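>
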Amino acid sequence: MTSTERFLREAIELAHANVEKGGRPFGAVIVKDGEVLANGVNEILRTNDPTSHAEMNAIRTASQKLGSPSLAGCTVYASGHPCPMCLAAMRMAGVGEVHFAYSNEDAAPYGLSTAAVYADLAKPFAEQTIKIRHDPVRLESNTDLYADWKKRQEK
């Protein structure tokens, strides 16, 4: 058995255990240097937090363990196709590789596919189902937000 298969099996086992507890069928494992750094399951139903996906929970745990927001050198193994939010978080964290066992096509008959979200996000803002608009508001009483941040970082 390859390490990829081993870690994907672990993610699937987490997902099955989560289903047994009344949760959604998603698990994730984050590996660095061949060792499991963190894992997570989907806790949306338990927490009422729509961001409580398996991958997001594993990212939060891994970042805390490393004491850094950077997950460079890490690989994520997920039971299902990561949604756009999770994939974006992985990119923002510097994850270098992602493997998943069940595709959006596998998930579609059960209402678990995120393919429609990916398709919507690929459209220009004006054509997406959510209203997205840039309103360039600034505070006259304060310095530019980003300039202020940059200045404080240089100290």
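Residue numbers (the UniProt record's numbering): 1 to 155.
The C-beta atom is built at its ideal place from N, Cα and C for all residues, glycine as well.
Since the model is a prediction, treat every value here as computed from it, not as a measurement.
#1: At the level of alpha carbons, what is the spacing between Val31 and Leu139?
#2: Below 8 Å on the Cβ atoms is my guess for Val98 versus Ala78; work out the distance and round it to an integer in Å.
#3: Leaving out five residues before and five after Lys65 in sequence, what residues of the same chain have Cβ atoms less than 8 Å from its Cβ?
#4: Identify every residue that forms a DSSP beta bridge with Gly27.
#5: Would you grab the beta carbon distance between Ile12 and Gly27 for me? Rounded to a whole angstrom, and I think it's under 8 Å.
#6: Based on Cα-Cα distance, which residue from Ala72, Gly80 and Asn104 lies nearest to Met90?
#7: Out of Arg6, Lys150 and Asp148, which has the shortest C-alpha to C-alpha gap to Glu35?
#8: Considering just the uninterrupted stretch of the beta strand (DSSP E) at Ala101, what are its terminal residues?
#9: I need the straight-line Cα distance from Asn42 to Leu8, nearest angstrom please.
#10: Among Asp120, Ala108, Val137 and Pro69, which one has its Cα closest to the Cα of Gly80?
#11: List the DSSP bridge partners of Ala78.
#12: From the DSSP output, which residues share a beta bridge with Glu35?
#13: For Ser70, which residues in the same chain have their Cβ closer than 6 Å to its Cβ, ignoring the five residues on either side in sequence?
Quick look at the numbers:
#1: 44 Å
#2: 7 Å
#3: Leu37 and Ala38
#4: Val41
#5: 7 Å
#6: Ala72
#7: Arg6
#8: Glu97 to Tyr102
#9: 16 Å
#10: Ala108
#11: Ala28 and Phe100
#12: Lys32
#13: Gly94
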